[in-house]
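S.K.: Chains as they are written, first to last, in my numbering: chain A, 545 to 807; chain B, 545 to 807.
Below, the structure written as structure tokens:
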């Protein structure tokens, strides 16, 4: 069991409740990373489901739970022949923190009937760059859990040279060697810096809701994350992230609606 | 009040319940159109919210409700300064049919800070084509409610010439003149034929879940709907639809996960 597997463990305590322990190692400067929290929720949902894979997850982020004990309450809304539907609520100190709707099914890894190519070609990993290590006082503990190698222009904002477009692209792998699975994908799909940083904005950009679809089980090896946005207006922006596996297969798609930071 | 406004009316009966009457005029050959059903749900959610607009809606389609009386049960999960979160369930004969999570907020129509152009240019309306009128026995009553003018290649499948890619593009307006609003957008965003038809597949393609984001209030005039998909595999496909208003502004984005038809 990897540290990530342990940090996302969900232990059933009754028909509708799982105990979890939110790990301080997934903090983005105070709040815990949304992808990590979705992975925790999905551990409970998948355990409860007659199917194996979380093919669709929508999470609304109501509050920012603190590291420590919490519960995932699951309610199976319907189970059919090919899919089951679950409502899941992450609760801490009796207060609902994250509300999710999850569709589970079992993917069989059939060859695609149709597959678009990636919209962006990544430079080879050796031309990509890491973010500088965060200062210990920043509380950015998440960065130590994963290795992100960025397509350089998409972190030009770090040196005062944003590209002017909402975008972020990087290779992703866990620092502790672990083959990607649907739970790692939940983390990966929300692991990039907000795409609006590249459009010249800064500051805390809280996710309001995030939907992601698991499209195939990822092959072992690094993932490629391609993040983009279509519109920044009225204080809101969309962020789309695609995750491609090491064989060049699209394995996950996400879209989140988030607030532009004021910072 | 237009026929559509009437067909989507939701009348509060107690703190958490709205009565609705599902209109047989929105049938797609038996089942009612998912976008129409979302519009009905959103009438109740918006009425209940302290905010004006449904900026994010995720619906899981558990069953296919029949025309006739039904209820929308709303539960306000949280209301903050800029957004509120609601769980809404469409119930018929005591059975939950559609489960939704909705984020409401108030859009102010500010000029975009960043806006991508449309990925596809539509031919002028006079070069676009309608679908043939459905046979009365098909039960496709939805078609009479709206006028869709298609980019011709994207309905080539009708004459046995699919483009080979999942896609559908059309101009949209209500048959009974009505300026588009968020409820019309809920209908529009699910109004195109399944994009997989253009990839050579046929048959009933049921939506499993659909998430759409309202990005701006649409200007009066026709909408342009741009539908596409990235991957068809393992019996599942994604369908993305963008709605652009008559001034060329992106007003809505959707993604649904659906099953490939066996028909």
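Built from N, CA and C at the ideal position, the CB exists for glycine as well.
(1) For residue 757 (chain A), I'd like the list of residues in its chain whose CB is within less than 7 Å of its CB, leaving aside the five on either flank, ordered along the chain.
(2) What number of angstroms, rounded off, separates the C-alpha of residue 565 (chain A) from the C-alpha of residue 612 (chain A)?
(3) Got a sec? Which residues, its chain only, sit under 6 Å from residue 608 (chain A) by beta carbon, not counting five neighbours each side?
(4) So what does DSSP say about residue 807 (chain A), is it helix, strand or coil?
(5) Relative to the C-alpha of residue 633 (chain B), which residue among B:587, B:664, B:596, B:720 is closest?
(6) Does DSSP put residue 690 (chain B) in a helix, in a strand, or in coil?
(7) Over what stretch of residues does the alpha helix (DSSP H) that includes residue 734 (chain A) continue unbroken?
(8) So what's residue 513 (chain B) in DSSP terms, helix, strand or just coil?
(9) Within its chain, find whatever has a CB closer than 6 Å to the CB of residue 755 (chain A); leave out the 5 residues flanking it on each side and keep chain order.
(10) List, in chain order, every chain B residue whose beta-carbon is nearer than 8 Å to that of residue 570 (chain A).
(11) Do residue 785 (chain A) and residue 736 (chain A) count as a contact pair if the criterion is CB distance below 8 Å?
(12) Just to confirm the assignment: which complete beta strand (DSSP E) runs, minimum length 3, are found wholly within the segment 754-799 of chain A?
(13) Can you tell me which of the three DSSP states residue 802 (chain B) falls into?
(14) Using CA atoms only, rank isn't needed, just tell me which of B:728, B:653, B:751 is closest to residue 759 (chain B).
(15) What three-state label does DSSP hand residue 621 (chain B) in the structure shown?
(16) Check this for me: beta carbons of residue 604 (chain A) and residue 550 (chain A), under 8 Å apart or not?
(17) Output needed for residue 592 (chain A): all residues of its chain with C-beta closer than 6 Å, excluding positions within five of it in sequence on either side, in chain order.
(18) Going by CA-CA distance only, name the one from B:710, B:711, B:783, B:648 that's closest to residue 585 (chain B).
(19) At a Cβ threshold of 8 Å, is residue 604 (chain B) touching chain A?
(20) What's the call for residue 670 (chain A), buried or exposed, on a 16-neighbour Cβ count within 10 Å?
(21) Sort B:782, B:623, B:558, B:624 by Cα distance to residue 712 (chain B) and report the nearest one.
(22) Under the rule that 16 or more other beta-carbon atoms within 10 Å means buried, what is residue 808 (chain B), buried or exposed?
(23) Could you tell me the distance, in whole angstroms, from the CA atom of residue 579 (chain A) to the CA atom of residue 697 (chain B)?
(24) Is the number of C-beta pairs between the segment 714-732 of chain A and the segment 765-782 of chain A that are closer than 8 Å three or more?
(25) Closer than 8 Å by beta-carbon distance: list the chain B residues that pair up with residue 665 (chain A), in chain order.
(26) Between which residues of its own chain and residue 700 (chain A) is the CB-CB distance below 8 Å, once the five residues before and five after are set aside?
(27) Roughly how far, in whole angstroms, is the beta-carbon of residue 561 (chain A) from the beta-carbon of residue 727 (chain A), given that I think they are within contact range, below 8 Å?
(28) Please name the residue in B:683, B:801, B:662, B:677 whose C-alpha comes closest to that of residue 790 (chain B).
(29) Tell me the DSSP secondary structure of residue 698 (chain A) in three-state form.
(30) Tell me whether residue 578 (chain A) sits in a helix, a strand or coil according to DSSP, three-state version.
M.R.: In short:
(1) Once the five neighbours on either side are set aside, the close Cβ partners of residue 757 (chain A) are 599, 600, 796, 797.
(2) Distance between the alpha carbons of residue 565 (chain A) and residue 612 (chain A) is about 5 Å.
(3) The beta carbon of residue 608 (chain A) sits closer than 6 Å to those of 575, all from its chain and outside the five residues before and after it, given in chain order.
(4) Here the model assigns residue 807 (chain A) a pLDDT of 48, short of 50, so the residue's position is not dependable, and the following value carries that caveat. DSSP, reduced to helix, strand and coil, places residue 807 (chain A) outside both helices and strands of the structure shown, so it counts as coil.
(5) When each option's Cα is compared against that of residue 633 (chain B), the closest is B:587.
(6) Residue 690 (chain B) falls in the strand class under three-state DSSP.
(7) Premise fails: residue 734 (chain A) is in no alpha helix (DSSP H) and is neither H nor E.
(8) This structure gives no information on residue 513 (chain B), because the portion of chain B shown stretches from 545 to 807.
(9) Counting only Cβ-Cβ distances below 6 Å, and skipping sequence neighbours, we find 602, 799.
(10) Within 8 Å of the CB of residue 570 (chain A), no CB atom of chain B is found; the nearest one sits about 23 Å away.
(11) A distance below 8 Å separates the beta carbons of residue 736 (chain A) and residue 785 (chain A).
(12) Listed in chain order, the complete beta strand (DSSP E) runs (minimum 3 residues) inside the segment 754-799 of chain A are 767-772, 775-777, 780-788.
(13) Residue 802 (chain B): strand per DSSP, three-state reduction.
(14) Among B:728, B:653, B:751, the Cα nearest to that of residue 759 (chain B) belongs to B:653.
(15) If DSSP states are grouped into helix, strand and coil, residue 621 (chain B) belongs with the strands.
(16) No, the pair does not count as a contact, with Cβ atoms beyond the cut-off.
(17) Within the same chain, 618 come within 6 Å of residue 592 (chain A) by CB-CB distance, once the 5 residues on both sides are set aside.
(18) The residue with the shortest Cα to Cα distance from residue 585 (chain B) is B:648.
(19) Chain A contact via Cβ: present.
(20) Answer is exposed; the Cβ neighbour count stays below 16.
(21) That would be B:782, whose Cα lies nearest to the Cα of residue 712 (chain B).
(22) In the structure as shown, chain B starts at 545 and stops at 807, and residue 808 (chain B) therefore has no counterpart that could be examined.
(23) Roughly 39 Å separates the two Cα atoms.
(24) The segment 714-732 of chain A makes contact with the segment 765-782 of chain A: 3 or more CB pairs, one atom from each, lie closer than 8 Å.
(25) Correct list: empty, because the minimum Cβ distance to chain B is about 16 Å.
(26) Only 706, 707, 742 meet the Cβ criterion.
(27) With 8 Å as the limit, residue 561 (chain A) and residue 727 (chain A) do not qualify as a contact, their Cβ atoms being about 20 Å apart.
(28) Nearest in C-alpha terms to residue 790 (chain B), of all of B:683, B:801, B:662, B:677, is B:662.
(29) Here residue 698 (chain A) carries a helix assignment [DSSP, helix/strand/coil].
(30) Note: residue 578 (chain A) maps to helix in three-state DSSP.
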